[in-house]
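J.: Here it is, the structure in full.
Quick look at the structure:
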């Protein structure tokens, strides 16, 4: 697992997994993922696993790494907005509620304690 573009404060940060010099999975941590609840920060964003590598636990590995990184930088909580609700509940995120995106649409927001 690689880490790139990380600041000294822990946010923003980007993590990715490579295979044969190709990125097969990744995610970012940013202050706000384009929603109006600025108090729900930082946010995990852009979670990606290449289709032929899905089901191998790569996103769980990346999420755990992101939480460890945040904890090491003194940040205990992380949030994300998503439509993939079942998956994130399965990997330890709790539903916070629907929040308004900058576009005005409502989206589901989840929270996880960083361990």
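Residue numbers (this note's numbering): 28 to 142. Idealized CB from N, CA, C, for every residue including glycine. Predicted model only: the values in this text are computed from it and were never measured.
So if DSSP puts residue 62 in a beta bridge, which residue, or which two residues, is it bridged to?
T.: Your numbering for residue 62 matches position 35 in the chain shown. Residue 62 is bridged to 128.
J.: I'd like to know whether the C-beta atoms of residue 84 and residue 71 end up nearer to each other than 9 angstroms.
T.: The sequence position of residue 84 within the chain shown is 57, counting from 1. The sequence position of residue 71 within the chain shown is 44, counting from 1. No, the pair does not count as a contact, with Cβ atoms beyond the cut-off.
J.: Going by DSSP, name the residue or residues bridged to residue 136.
T.: Residue mapping note: residue 136 aligns to position 109 of the chain shown, counting from 1. Note: residue 136 sits in a beta bridge opposite 108 and 124.
J.: Between residue 104 and residue 79, what straight-line distance do the alpha-carbon atoms span, to the nearest angstrom?
T.: The residue given as residue 104 occupies position 77 in the chain shown. The residue given as residue 79 occupies position 52 in the chain shown. For residue 104 and residue 79, the distance between alpha carbons rounds to 31 angstroms.
J.: Please identify the residue among 86, 119, 126 and 67 whose C-alpha is closest to the C-alpha of residue 50.
T.: Stepping through the chain shown from its first residue, residue 50 is reached at position 23. The shortest C-alpha separation from residue 50 is found at 86.
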